[in-house]
Amino acid sequence: MAEVYLAAPFFDPAQIERLDQVLAALHANESVTAIFSPRDDTNKAGLTPNSPGWQRQVFGEDIQGLHRSTVLVAILDYVGENPDPGTAFEIGYAYAHHMPIVALQLGEMKMNLMLAGSITCFVNDLAELKSLDLDHVLVRPYVGPVF
Numbered sequence: 012m013a014e015v016y017l018a019a020p021f022f023d024p025a026q027i028e029r030l031d032q033v034l035a036a037l038h039a040n041e042s043v044t045a046i047f048s049p050r051d052d053t054n055k056a057g058l059t060p061n062s063p064g065w066q067r068q069v070f071g072e073d074i075q076g077l078h079r080s081t082v083l084v085a086i087l088d089y090v091g092e093n094p095d096p097g098t099a100f101e102i103g104y105a106y107a108h109h110m111p112i113v114a115l116q117l118g119e120m121k122m123n124l125m126l127a128g129s130i131t132c133f134v135n136d137l138a139e140l141k142s143l144d145l146d147h148v149l150v151r152p153y154v155g156p157v158f
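Just add 11 to the spot in the sequence shown (first one is 1) and you have the numbering used here.
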């Protein structure tokens, strides 16, 4: 069964709403046994955001979450043409550790070439996340414009 690391920005209301929608779809997916979401599963110690201790704690918790996961699901809806740097890092880390990467992009925009090349399965329909077998990820690369 799949243990998901959910990489996504959550800095504005639209990103938070999209993250919540993806979480709901993943919770409905029968192939998913666990979900690690940096927004929800870090800083359990309640450290002051942006303090040096918080930075070390959250970074460490994110890396542990990546190591415990079997698949990375990334939301790649950009602000302008700028991918979220944290999500890009998590994708690169997962790729380097041979983890399947499912990328969801709901908007129509160019994708960064390096991110496009690292994707195992590209999804542009939120509903598909409910039934996609994340324990045996389908190979379906991104095909579209890049920059």
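Quick reminder that beta carbons are idealized off the backbone N, C-alpha and C, glycines included.
Taking the CA atoms as reference points, L58 sits about 9 Å from Q66. Residue range P96 to A107 is occupied by the alpha helix (DSSP H) that includes T98.
In the DSSP assignment, I112 forms a beta bridge with L83. The segment 118-129 makes no contact with the segment 43-51: fewer than 3 CB pairs, one atom from each, lie closer than 8 Å. With fewer than 16 other CB atoms across the displayed protein chains lying within 10 angstroms of its CB, F70 is exposed. Counting along the chain, E14 sits inside the beta strand (DSSP E) bounded by residues A13 to A18.
I27 is bridged by DSSP to nothing; it lacks a bridge partner.
Counting along the chain, A45 sits inside the beta strand (DSSP E) bounded by residues V43 to F47. Look at F70 here: in three-state DSSP terms it is helix. Annotation for K141: A36, A39 and N40 place their beta carbon closer than 6 Å to its own, counting only its chain and skipping 5 residues before and after.
Secondary structure of M125 (DSSP, three-state): helix.
The Cβ-Cβ distance between Y104 and S129 does not fall below 8 Å. Residue pairing from DSSP places N93 in a beta bridge opposite V90.
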